[in-house]
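Participant: Please read through the structure below; I'll follow up with questions.
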Amino acid sequence: MEFRFHRKETTASTNADAREGRPGDVFVAEFQTAGRGRLDHEWHAARGENLTFSVVLDAADMSPAEVATFPLVVGLAVTRAVGALLGSSFQVAVKWPNDVLVGGRKICGILCERNGDAVIAGVGLNVNQTDFPSEIAARATSLRLIAGSPFDRDGVLNGIIAEIGDMHSRWLRGGFAALRGAFAAVDCLKGREVAVLATDGDAAPIKGLCGGVQEDGSLLVGETRVYAGEAHVSEIGLTP
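Going by our numbering, the first residue of the sequence shown is number 577, and it counts up by one from there.
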């Protein structure tokens, strides 16, 4: 797929911009005034230091159930791209349903939404930011903090877009099931005791041994499949 880049200094939301786009369009902003993550969480990003972008991709032949797995597909793509940048010395992992972590700290958040026959993937990646708000400083990181030197953001963006394009093609051919094995290899929840606060109806946390992400994108906790929620991994003290 050929990608077309549209850049702004400031925008309310790149996902909102992307609703006017077509498959292959990538909307990039130096700063978002109304950037939001999943469940309407605020996304903290310093102007000109990180990557905030949204890419529009074809989903015309994909069912709503398959589109619901797309954040996992994008998470896998970002994990592969970040892993290639940092090398094998660093543990880059996906945290269901939409985060990428390095060494247990969040480096990337993902927000996907369907828009007609397309799916919009919004990505916020901490690249060169070194100072974070006090409320998230202990659980956030960036490429620069990890590697000790700044990164060229355009190079990082191009690497991520290439991986998203590859993962998207495989997803179109075989759904998330075709990528589940690759996802399992970088899944930071699988095999750990977790507590998940579900957002699809159950107010009580669901606790148990995590069996990993299933073919339908759900998280298996004990014998329960969770389709939406916030996960806490007790061994490493992650907070949602």
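Glycine is no exception: its CB is placed at the ideal position from the N, C-alpha and C atoms.
Can you tell me where the beta strand (DSSP E) with asparagine 591 in it begins and where it stops?
Facilitator: Here asparagine 591 belongs to no beta strand (DSSP E); instead the alpha helix (DSSP H) covers 590-594.
Participant: Below 6 Å CB to CB, which residues in the same chain sit around threonine 645 once its five sequence neighbours on both sides are set aside?
Facilitator: Only Phe752 and Gly793 meet the Cβ criterion.
Participant: What residue range is occupied by the uninterrupted alpha helix (DSSP H) comprising isoleucine 782?
Facilitator: Per DSSP, isoleucine 782 belongs to no alpha helix (DSSP H); it is in the beta strand (DSSP E), 782-789.
Participant: Where glycine 680 and alanine 758 are concerned, what is the direct C-alpha to C-alpha distance, given to the nearest angstrom?
Facilitator: Glycine 680 and alanine 758: Cα-Cα distance of roughly 19 Å.
Participant: Which one of Val668, Gly700 and Thr775 has the shortest CA to CA distance from phenylalanine 603?
Facilitator: If we check each option's Cα against that of phenylalanine 603, Gly700 comes out closest.
Participant: Using CA atoms only, rank isn't needed, just tell me which of Val678, Val643, Ala694 and Gly685 is closest to serine 664.
Facilitator: The shortest Cα separation from serine 664 among Val678, Val643, Ala694 and Gly685 belongs to Val678.
Participant: So does the segment 684-702 actually touch the segment 643-658, counting three or more Cβ pairs closer than 8 Å?
Facilitator: Flag = yes, the segment 684-702 and the segment 643-658 touch.
Participant: Grab the span of the alpha helix (DSSP H) containing valine 643 for me, first residue to last.
Facilitator: Where valine 643 is concerned, the enclosing alpha helix (DSSP H) stretches over 640-643.
Participant: Under 8 Å, do alanine 592 and leucine 633 count as touching if we go by C-beta distance?
Facilitator: No.
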